[in-house]
Amino acid sequence: MTRRVQGAVVFCVILLIGFLCVPVPVSMALLTGWLSFAFSELPQVDLKPGGVAVFVCSFGFAVGCSHYLLRWLVFEINAKRPSDAQIRWRLRSSVSLVLLCMMLFVVGIGVSGVTHQVGWLITSPESLFVSKTQAVHDSDLSTYRPNTVSKSSDQSWLYSVGTYMLYQRPEIDDSKPWNSPENADNFRTLVYEAICPSQGNPIWSPDGFGLSHRAGNPDVFGNDSILRFNDFDGLGNTIFAGDVNAAFAPWADPDALRSLKLGVRDNWTSSKRGEVGYGSMHPSGALMLMGDGSIRFVDYKMDGKVFKQLGRHRKEGS
115 MTRRVQGAVV FCVILLIGFL CVPVPVSMAL LTGWLSFAFS ELPQVDLKPG
165 GVAVFVCSFG FAVGCSHYLL RWLVFEINAK RPSDAQIRWR LRSSVSLVLL
215 CMMLFVVGIG VSGVTHQVGW LITSPESLFV SKTQAVHDSD LSTYRPNTVS
265 KSSDQSWLYS VGTYMLYQRP EIDDSKPWNS PENADNFRTL VYEAICPSQG
315 NPIWSPDGFG LSHRAGNPDV FGNDSILRFN DFDGLGNTIF AGDVNAAFAP
365 WADPDALRSL KLGVRDNWTS SKRGEVGYGS MHPSGALMLM GDGSIRFVDY
415 KMDGKVFKQL GRHRKEGS
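All residue numbers for the sequence shown refer to my numbering, where the first residue is 115 and numbers rise by one.
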């Protein structure tokens, strides 16, 4: 057995041991995952005659230049070598070299893409290592019930202010509930402005709607509240929305609101519907969005009455 064959056998054994050391689904994905991608994408490839012609001409030009240069280099080397040690450079060697350079270029692009995606996953608010589905106790506390179509055609506070965020609001049927069959698919997404990175999970409801780690103030965004900034006396002292760390609801749910009467974490009180107040994974407080656009950190030890007073500051007669 030649050394080359021995090396190939050793490499295959090492590769096999490596695949056996990882879970079967992962190893199968590494082995065959590219096949499913190729079969799904190849039918969509549209070959342009002009593009094919440019590739053929460019490849031929690269091979021709490489072959001429390498033949000249081999000629100069052979001039200094004895006749029995002459090097023969064939056209197929030039073609192989150009193909190898192309392969290295593609591999470089692939490595750059993997590096970019890994960096994106590390910085993404979506957790990689814990369940993305709404926890049972959160579902019990939330007013939202999976697989139940809302009776109201009202839209959530996050959808209402979506035009002022990076989120692109979908076109929906305003006459139908947000999670009706006609509208539901538009809201099976995440709105990153609604996700708290320190909260992490859950970020999905059991039926696939993106959850919100932030709740709106019903005194501002509720059905009986018409949001007009001129109605408020002291926007900087009025909480419009804040962090929550329990009883999550989908960001598109009109009930993704939280009364300030329920308090902030250390002074939580439960409503008749089992809801709890504001809070976050921060050890000492939660972030609140004020009416003037500022963000304030509210300490958990804040008196409940003071917190409640930040809920609605309207001018007299409004």
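From the three backbone atoms N, C-alpha and C, an ideal C-beta is built for every residue, glycine too.
When the beta-carbon positions are compared, A363 and W292 stay at least 9 Å from each other.
With fewer than 16 other CB atoms across the displayed protein chains lying within 10 angstroms of its CB, A167 is exposed.
Minimum Cα-Cα distance from P295 among the listed residues P157, T262, A308 and Y273 corresponds to T262.
Across the structure, S289 and L371 are spaced so that their CA atoms are roughly 21 Å apart. By the C-beta criterion, the region 313-322 is judged not to be in contact with the region 346-355, since fewer than 3 inter-stretch pairs fall below 8 Å. In terms of Cβ geometry, N359 and S394 form a close pair [threshold 9 Å]. Taking C-beta separations shorter than 7 Å and ignoring five residues to either side along the sequence, the partners of S398 in its chain run D413 and Y414, following chain order. Our two residues, R202 and V228, have alpha carbons roughly 40 Å apart in a direct line. DSSP places Y392 within a strand segment (E or B) once states are collapsed to three. In the DSSP assignment, I409 falls within the beta strand (DSSP E) that extends over I409 to D413.
An exposed status is given to H230, since fewer than 16 other beta-carbon atoms sit within 10 Å of its beta-carbon.
As computed with DSSP, D357 is found in a beta bridge with R328.
Going by beta carbons, L218 and L184 fall outside the 9 Å limit. Under the three-state reduction of DSSP output, V275 falls in the coil class, being neither helix nor strand. Taking the CA atoms as reference points, A308 sits about 11 Å from G330. Under DSSP, P364 shares a beta bridge with L325. P332 is a Cβ neighbour of S373, given a cutoff of 9 Å. Beyond the five residues adjoining it in sequence on each side, M416 comes within less than 7 Å, by CB distance, of V378 in the same chain, given in chain order.
Between the alpha carbons of K194 and Q200 lies a gap of roughly 9 Å.
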